[in-house]
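> Residue numbers (full-length UniProt numbering): 1 to 184.
Got a structure for you, written out below as structure tokens; questions coming shortly.
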Amino acid sequence: MADSSGLQKNWYSILGACPKDGIQELKQKYQKLILMFHPDKQRLDISEGEAEQHIQRFIDVDQAWKILSNEESRKEYDLQLRALELKQSWPVDTRITLNEMNWDCDTKCYTYSCRCGGEFILEKDDLQEMETIVCCDSCSLSIEIWPLERNYQAMQSQCDEKPPAKSVNPTKEEVHLLHVITVR
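Have a look at this one:
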């Protein structure tokens, strides 16, 4: 199954993995997913459409493992990914996972600092994609965010919790500085 760029599905995303993951990490992710979507392990109360989606996911996970577990086919696939990346109209500076980004409770989005001093901002609406390319707000660089591992609802609930009130006890120097500022 090729997409419009001619490249097949993103096998790393299907396994919830990154290209830098080793064979053991890939195997663990494969085993977890193959059990989750195996046709014999499905609940009887799911709809026919959902059952078909699970079967397709099972097939995709199995195909991803077959390609990425074989050193030669993985190397060839990585070269295809790299060639596709070079054809892009924007430079991908780095690949990161969502876990490497910082959650901003005020803006309800993820941020990551760019080397230019700007920020990469990933909004809540973009969290549905398996991998996402985000451009810097100050320069032409972009990052690719690999499988989304954080749970938005969990991050949201952390923001809703009120932090304990901190007592502020200014130092003598801070009190003096405040006094000087207010007198002027």
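Where is the CB? At the ideal position from N, CA and C, for every residue including glycine.
Kindly say whether cysteine 18, judged by its beta-carbon, lies nearer than 8 Å to any beta-carbon of chain C.
The structure shown contains no chain C; it holds only a single protein chain.
> Quick check on the burial criterion: 16 or more other C-beta atoms within 10 angstroms. Buried or exposed for leucine 15?
Translated into the one-based positions of the sequence shown, residue 15 becomes position 15. Leucine 15 should be labelled buried.
> Roughly how many whole angstroms lie between the Cα atoms of serine 73 and aspartate 40?
Along the sequence shown, one-based indexing puts residue 73 at 73. Along the sequence shown, one-based indexing puts residue 40 at 40. C-alpha separation (whole angstroms): 29 Å.
> Are at least three pairs of beta-carbons, each pair with one atom in the stretch 104–122 and one in the stretch 47–66, less than 8 Å apart?
no
> Using DSSP with H/G/I as helix, E/B as strand and the rest coil, what is valine 93?
Locating residue 93 in the sequence shown gives position 93, counting from the first residue. Here the sequence assigns aspartate to residue 93, which means valine is not the residue at that position. Here aspartate 93 sits in strand by DSSP.
> My assumption, with CB atoms under 8 Å, is that isoleucine 133 sits in contact with glutamate 123. Please give the rounded CB distance.
Translated into the one-based positions of the sequence shown, residue 133 becomes position 133. Translated into the one-based positions of the sequence shown, residue 123 becomes position 123. So it is not a contact: roughly 13 Å between Cβ atoms.
> List the endpoints of the continuous beta strand (DSSP E) containing aspartate 104.
Mapped onto the sequence shown, residue 104 falls at position 104. Aspartate 104 -> beta strand (DSSP E) spans 102–104.
> In the DSSP assignment, find the unbroken beta strand (DSSP E) run with serine 47 in it and report its ends.
For the purposes of this step, residue 47 is taken as the residue at position 47 of the sequence shown. Where serine 47 is concerned, there is no enclosing beta strand (DSSP E), given that its DSSP letter is neither H nor E.
> When burial is assigned at 16 or more other CB atoms within 10 Å of the CB, is isoleucine 67 buried or exposed?
Locating residue 67 in the sequence shown gives position 67, where the first residue counts as 1. Under this definition isoleucine 67 is a buried residue.
> In the structure shown, what three-state DSSP assignment does leucine 141 receive?
Within the sequence shown, the letter at position 141 stands for residue 141. Looking at leucine 141 - three-state DSSP - the assignment turns out to be coil, as it is neither helix nor strand.
> Go to leucine 98, then tell me how far its beta strand (DSSP E) extends in each direction, as first and last residue.
Within the sequence shown, residue 98 is the residue found at index 98, counting from 1. Taken as a continuous stretch (DSSP letters only), leucine 98 belongs to no beta strand (DSSP E), as it is neither H nor E.
> Kindly list the residues whose CB is nearer than 8 Å to the CB of histidine 54, restricted to its own chain and excluding five residues on each side of it in sequence; keep chain order.
Position 54 of the sequence shown, counted from the first residue, corresponds to residue 54. If we look at histidine 54 and ignore the five residues flanking it on each side, its Cβ neighbours are Phe37, Pro39, Gln42 and Ile46.
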